[in-house]
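Read through the structure below, which is laid out as structure tokens, and then see the notes.
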């Protein structure tokens with residue numbers, strides 16, 4: 312599905328931006344991944 316691919320790409324871009332925050336960004340990354348991967 313196109314929307315899932317778009318969301319995945321956006322999360323990956325965000326992860327790249329968050330890398331400079333190191334370990335402090337892990338919770339935010341986990342939350343973002345959960346929101347993209349969850350099923351209704």
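Numbering (our numbering), first residue to last: 312 to 351. Backbone N, C-alpha and C define an ideal beta-carbon position, used for all residues, glycine too. Small disclaimer: the values here were computed from a predicted structure and weren't measured.
Residues near residue i in its chain [Cβ-Cβ closer than 6 angstroms; skip 5 each side]
{"i": "residue 315", "result": "none"}
{"i": "residue 336", "result": "329"}
Sequence-distant residues of its chain with Cβ nearer than 7 angstroms to residue i (five each side left out)
{"i": "residue 326", "result": "340"}
{"i": "residue 317", "result": "none"}
Coil, strand or helix - residue i by DSSP
{"i": "residue 349", "result": "coil"}
Residues near residue i in its chain [Cβ-Cβ closer than 8 angstroms; skip 5 each side]
{"i": "residue 319", "result": "347"}
Runs of 3 residues minimum, wholly inside the segment 313-341: which ones carry the beta strand (DSSP E) assignment? Every candidate beta strand (DSSP E) stretch fails here, since none sits fully inside the segment 313-341 while reaching 3 residues.
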